[in-house]
Structures are given as structure tokens and as C-alpha cells.
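Chains as they are written, first to last, in this note's numbering: chain A, 8 to 257; chain B, 14 to 326.
The C-beta atom is built at its ideal place from N, Cα and C for all residues, glycine as well.
Here is the structure we will look at.
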């Protein structure tokens, strides 16, 4: 059974505005590293934000582990979100907090208001954060402020924060677009190997087609809110890329 | 073809404008190179017409300026006549010597007054501190309501907060103090309330603007991990705005020291009350002494504020 089922998903930002997603359907399996490719403005970011309802879909269904999520609100919605880790293009770290506090913020969905206010996370959380920071190679930067790190290091903090949630799935929104090609490959490799270790499927927005074909096992191509391709990465070829990017890239 | 023709025409027009802008000298310098005498004649006729237009323009503007200047001078003269010439008690003022003599009475320091100043000075200082603190507490909901991106119910809470900010700033601290003296009676508490009310406007406005300018990325990240509204506030918003807000609060505290020094004039405690008493008993050196004390604590406030704001950033 797929972990995520998306059916006829539609989205628009204002009721009168243009439709960003025009009926997208796909399934993510429990061991997928699933890529969404397409040109800028195709609706990739909107699509990924509809999964955890950072953007409210205007139609269609999203089922996560068999549970319909489009109707969730309040506490139930926060319960869904803490099961879905997210990694961002601009890292979205809290600059003035330490690396440790940033990673611990991944536990906020499990933490009460009073503990949050005093940053009084339990010992197990701190130990888990230390393990994750060790795993992403930042064990020497635990007490540094997040804004003192380089781009690649900041994204490593982002990865640790997402896995801190103990997620059942990861959403990756252009995780390497702010990084240079060498670091991009390292970061994608790290995400992929950690996703396998922790047994977490990934749904990844990416516009770098070469990276997508190297790291992902399934690809869908979006163009202007419409799905243009859906299949295993090996079946992706120049003709189909040309269609998706409408001669823009190749 | 018509397109090309139009472009050529536009370029020609441009040349004409250029020649006008450069003025007669350039036009004359260009004329011989064209090699046609008639062209030079046409150019000088055009130059003369432009010069006529410019001269007329400048004459009109000169008249306009003269009218404005006359009105301004008349307004100043009228104001001086009403507020100074007619309103001053010239007989009481006497000669220049009398004026200097009256001013001279303030020279000198009443050293005997100093021991009596310690307590009011401390009171002034504490009124400023507590007033600022109370103001900051009230500011929390006002800034929250007044920041467009986080205001809980825009049609009601946003205008409410904006009204509060405007009300706070448009009423002078002395007027606030008079109001609170009437409400809670004479003493330091009226001063504390007055300063709190007066501080809300500036602190809340600056804080709300800082909140509106935050990077939305961390907000999205905390929502994505399943954080609630309170956690978004504590983790994503506050760390981004805290240094700015602390700077504003320290700045306001420094201003509040100045304000609290005069609040005693209307009975709201502190050095102002001593000042008032010295003035009423015609102890002018005493007035100077109080002024020195006020200067002293303001200087202390400025020094502390300088270092505190540096530390906040």
C-alpha cells in the first residue's frame, strides 16, 4: 500500500487567481525516493506544500498512511505535520539560535508550551540531536549559532532537524538549489543514505534533472500545473525532458 | 516602410530638442558645418523664439517667488506682533539690566539642597524604569495585534492596536500624568502609569514593524514540524525581532528618564516636584541645583543606554 496517495489535487492562491495545480495524481511507496521535476513556476513548491497543508489545496484528495489529510485542522493537523519532515531550499533555520536549538526545534510537535518557552527539552531529545549532528558531520558545531555556518553545513542542520521529528516521510523542497554543484551532490547523497537508514520515503522537488536521475527512483514531471511524465527514472529521456521543460533546458 | 519613416522623423525631432537644450552657442557652432546659410538663419530664428519663451517663463517665476516671500514675511510680522509685542508685560520686564539681573539669580548652586535630592532623584529613576517596564508589558498584546502578518483577527484587532499606538503618542506625557493624578491621586504611581501609556506607542509601533519585516522561512519551518502558534512565536518570530525590540526599549527608557524628571510638575512624583517647590519659594539657586541633578541622571541614562544598545545587537 502506498504511503502517500495524491488524487486530482488542485490548488490556487486566491479564489479568482490562476489555478496552480490542475488535477495532479500520484502515489509514493514506502521505499521511494520520488522526484518532482519541472521548470520554475510549474507548481512544484505548491504541490509539496499541499501535502502538509502549508498551502491549502482547493480540490482533490491527499491520503497519508491511509488517512485523509485535506480536512485536518488544529491539533490533528499538527499531529500530521510532526510525522512529515521538511527540508527547505533556503534552509529556514533560526539564525540567532544555536545549532543544537535548531535541531531540537524539530521536536516542537512533541513538546508542550511551557517546555518550549524555557527550551527545556528532555534528555532523550538532546541525546538524539547529538547522534543526528554526529551523523551529518556537525559534532564540532553543536554550540555555534546557525548563522555562523556555511550553506552546506546549514542544510545539514536542516536534515538533522527534519529527522529529529522521527518522520514517516520527508518532503524536500529544492534542497540543493542554494548550494554549489559539489556540495549539492554531497547533500543529496547524505539525504538519500539517511533516508534509507531511517526507513523514510522522500518526496523531492528538484529542477536539476541530472541530480534527479542520479538519486531518485521515480520521477514525475510537472509543467504549468499538469503532470507530463510519471515513471521510473530510467524511462526519462531527452524527448520527455524537452516536453516538460518546453525546450527551455535542452 | 512607414515604421522606418516614423523613426527617422522621431530622430530628427530629437536633434531639434538637443539643439534647443544646448543653447544658441552650440547651434551657431553647428550651423557653418551644415554649409547652408539659410539653415543658420532658420536656427537663429528658432533660438530667438526659445529665448523669448524662457525669458517670459523666468519673469513669471520671479513674480511668483516675490508673492510667496511677501506672504511669509507678513505672516512672521503678524505672529511676532500678536505673540510677543502685544502679549508681553513690558513694564514688568523693565530694562535690559533688569532682565540680566533676573537671569543672574539662577546663577549659583544651593548645596544645602543636595541631601534632599537623593530620594526624589532615585524616585525619578524608578518611575522611568517601572513606567518603561509596564509599557513593555502592555506592548506585547499591542504589537501582536498591530503586526499585519500575525494579528489574530485583522478587521478588529489591527485597527484596535493602531488606535492604541496613535492615542499613546498623540497625548503628551504631562497630559497623561494629569489624567492619572486625577484617577489614582498624587504620587509616583500616576507618573508610572503616565510613562507606560506614553511609551506604548513607540515601542509597539517599532516592534510591530520589526515583526512585519521578519523572514517568513523560519515560520514555515516551525509550522512544518507541527509547532503551534505559540511555538511559532517563541522560536520563529521572537529570535528574529528581539535585538531590535531591546534596542527600542532601552532608547525609550532613556527618554522616559527625561520625561519622569518633569512629571513632578503636575504632582506625579520625583525631581519635578522639588523643582516646582524651589520655583514657588523663589529659591532660584535651588532650581539650578535640581536642574543639575536632572542632568546628572539623564547622563547616567545615556551612558547605560549606549552600552545596553550595543550589547543588544
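query	result
Quick check: what's the CA-CA separation for residue 229 of chain B versus residue 130 of chain A?	30 Å
Do we get a CB-CB distance below 7 Å when we pair residue 260 of chain B with the residues of chain A?	no
Give me whichever residues DSSP pairs with residue 14 of chain A in a beta bridge.	A/68
Taking the C-alpha atoms as reference points, what is the distance between residue 24 of chain B and residue 72 of chain B?	In this prediction, residue 24 of chain B has a pLDDT of 46, which is less than 50 and means its spatial position is unreliable; nothing more can be read from the coordinates.
Return helix, strand or coil for residue 185 of chain A, following the three-state DSSP convention.	coil
DSSP three-state call for residue 46 of chain B: helix, strand or coil?	A caution first: residue 46 of chain B carries a pLDDT of 47, below 50, which makes its placement in the model unreliable, though a value can still be read off. In the structure shown, residue 46 of chain B sits in a helix (DSSP, three-state: H, G or I).
What in chain B is Cβ-close to residue 95 of chain A, meaning under 9 Å?	230, 233, 234, 237
Tell me whether residue 178 of chain B is buried or exposed, calling it buried when 16 or more other Cβ atoms sit within 10 Å of its Cβ.	buried
Can you confirm whether residue 101 of chain A, when its beta carbon is compared against all beta carbons of chain B, has any partner nearer than 7 Å?	yes
Output, in chain order, the set of chain B residues within a Cβ distance shorter than 9 Å of residue 88 of chain A.	236, 237, 238, 239, 240
Run through DSSP, which three-state label would residue 202 of chain B get?	helix
Residue 206 of chain B to residue 84 of chain A, Cα distance in whole Å?	43 Å
Within the same chain, show all residues whose beta-carbon is closer than 7 Å to that of residue 175 of chain B, passing over the 5 residues directly before and after it, in chain order.	159
Measuring CA to CA, which of A/69, A/142, A/202 is closest to residue 37 of chain A?	A/202
Whole angstroms are fine: how far does the CA of residue 227 of chain A sit from the CA of residue 44 of chain A?	6 Å
Identify which residue in A/42, A/12, A/65 has its Cα closest to the Cα of residue 23 of chain A.	A/65
Do you know offhand how far residue 284 of chain B's Cα is from residue 248 of chain B's?	42 Å
Does the beta carbon of residue 124 of chain A come closer than 7 Å to any beta carbon on chain B?	yes
At a CB distance below 9 Å, what residues from the region 248–280 of chain B approach chain A? Give them in sequence order.	248, 249, 252, 253, 255, 256
Establish whether the CB of residue 172 of chain A and some CB of chain B are separated by less than 7 Å.	yes
By how many angstroms is the C-alpha of residue 270 of chain B removed from the C-alpha of residue 307 of chain B?	9 Å
Considering residue 26 of chain A, what are the terminal residues of the beta strand (DSSP E) in which it resides?	26–35
Taking the C-alpha atoms as reference points, what is the distance between residue 29 of chain A and residue 214 of chain B?	47 Å
Start and end of the beta strand (DSSP E) containing residue 211 of chain A?	209–212
Nearer than 6 Å: is that true of the beta carbon of residue 267 of chain B relative to any heavy atom of the ligand ADP?	The ligand ADP is not part of this structure, which contains no ligands at all.
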